[in-house]
Amino acid sequence: MRLQFPRLARPDSRFLKILYYLPSHSLHTSPISLSKPQSQCSSSPSTPSAPPISHSSSPLANKTSLITGASRGIGAAIAQAFAREGVKCILVGRNRALLEGIREGLDAIGDEGGGGGHRVLVGDVGDGGFWEGVRGEKNIDILVNAAGITHYSPLFVTSPSLLDEVLRTNLMGTIMGCRAVGKGMLRGKRGGCIINVASLLGVKGGKGSSAYAARLTRALAAELGEKDIRVNVILPGYIETDMTEVGVAMTPEARSAALNSIPLKRFGKASEIADAAVFLARNKYANNCVLNLDGGLSAV
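So the sequence shown is numbered by our numbering: it starts at 104 and just counts up by one.
Right, dumping it as structure tokens:
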């Protein structure tokens, strides 16, 4: 199809900029998806279907990732998605039994596609001593900070011990992880990718929760970008994991109210967050991206 552009006596620079940045896929009507490309139906028998992504064809093949909070929920889902891309995963968490179960599942994925080499690292991300040990890890290409504690209570009635645990895990754990792994990326001079999994409440406050923002991601994206280290953040809304159902002890009334507040009228899936993590890890121009994956909750 040939595009007809208006004839202008003097080219409009704004129009030209739009055309310059217009990606080729925007000329098609099919929606953009963060998940792996799938073959498209075609009426023409001569049009070959797109081959499925294999470890050898993925740009992430043979990369090494360190994923915190990998024993369950979003962290485990991201590890599984990475393994399907041929990424070697270092699984971080506090429960060795759960981590080993996830690792066995990843090894099974590797047996099917030729990947593998996954490892378990037990520790508390809120403990500075743990990250001192991580400094010895070499050639980490991707860091995913997915460890986090979700708790619903007003700030003024939250116990100091719980507040300290939340801040150590959600805030300091992310900061120390970025410092420890980021320094290794700088030493290796190979670039890298950091993906922080924060909370929708980092942008939009909610009753029963004190918000923490994604400003760390923005600061690091500006600071490390010139070293080819990309830093992005995913802001999930309500995701169907054990943290949604058990960790915050949602009553049926609270669950119903949460569902009704979401324009899509459903909770997200951990696999949908994992798809976004794969997208951010693969896309070389993704830096300082703030992805709201909340079913539209942040718009209301």
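Positions of the beta carbon are idealized from the N, C-alpha and C atoms, including for glycine.
Practice item. Take every Cβ of the stretch 203-211, pair it with every Cβ of the stretch 180-192, and state whether three or more of those distances are shorter than 8 Å. Key: yes
Point to revise | Given 8 Å, three or more beta-carbon pairs between the stretch 365-372 and the stretch 316-330 | key: no
Check your understanding: Alpha carbon to alpha carbon, how far is Gly229 from Ser161?
Key -> 33 Å
Check your understanding: Looking only at DSSP bridge pairs, what is Pro339 linked to?
Key -> Leu396
Review point. DSSP puts Ser168 in a beta bridge; with which residues?
Key: Cys192, Ile245
Check your understanding: Are the stretch 217-227 and the stretch 252-266 touching, with three or more C-beta to C-beta distances below 8 Å?
Key -> no
Check your understanding: Nearest-angstrom Cα distance between Glu375 and Thr167?
Key -> 21 Å
Check your understanding: Which value, in whole angstroms, describes the spacing of the CA atoms of Ser129 and Arg197?
Key -> Any answer about Ser129 is weak, because its pLDDT of 35 lies below 50 and its placement is not dependable; what the coordinates show is given next. Rounded to whole angstroms, Ser129 to Arg197 spans 44 Å at the Cα level.
Review point. Do you know how far the Cα of Gly176 is from the Cα of Ala361?
Key: 19 Å
Exercise for review: Return yes when the Cβ of Ala249 is within less than 7 Å of the Cβ of Gly172, no when it is not.
Suggested key: yes
Review point. Leu224 lies in the beta strand (DSSP E); which residues open and close that run?
Key: 222-225
Practice item. With DSSP collapsed to three states, give me the class of Asn391. Key: coil
**Study point:** C-alpha distance - Phe259 paired with Cys392, whole-angstrom precision
**Key:** 33 Å
Check your understanding: Just reading off the alpha helix (DSSP H) that Asn363 is part of, what are its end residues?
Key -> 355-364
Point to revise | Alpha-carbon to alpha-carbon, Arg290 and Val403 | key: 44 Å
Check your understanding: Do Val336 and Asn299 have their CB atoms nearer than 7 Å?
Key -> yes
Check your understanding: Near Ala324, which residues of its chain fall below 8 Å by C-beta distance, leaving aside the five closest residues on each side in sequence?
Key -> Arg333, Val334, Asn335, Asn390, Asn391
Practice item. Taking the CB atoms as reference points, tell me whether Cys192 and Ile245 lie closer together than 7 Å. Key: no
Exercise for review: Determine the closest residue to Leu338 out of Leu394, Leu163, Ile252, with distance taken between C-alpha atoms.
Suggested key: Leu394
**Study point:** Alpha-carbon spacing of Glu235 relative to Gly287, whole angstroms
**Key:** 12 Å
Practice item. Using DSSP bridges, identify the partner residues of Arg333. Key: Cys296
**Study point:** Which of helix, strand or coil DSSP assigns to Gly371
**Key:** strand
Check your understanding: Which of helix, strand or coil does DSSP assign to Gly176?
Key -> helix
Review point. How long is the line joining the alpha carbons of Leu169 and Arg187, rounded to whole angstroms?
Key: 15 Å
Point to revise | Extent of the continuous alpha helix (DSSP H) run through Arg318 | key: 318-327
Review point. Since Asp267 is in the alpha helix (DSSP H), which residue starts that stretch and which ends it?
Key: 263-269
Review point. Ordered along the chain, which non-local residues of its own chain (more than five positions away) have a Cβ less than 6 Å from that of Gly276?
Key: Val228, Gly229, Ala250
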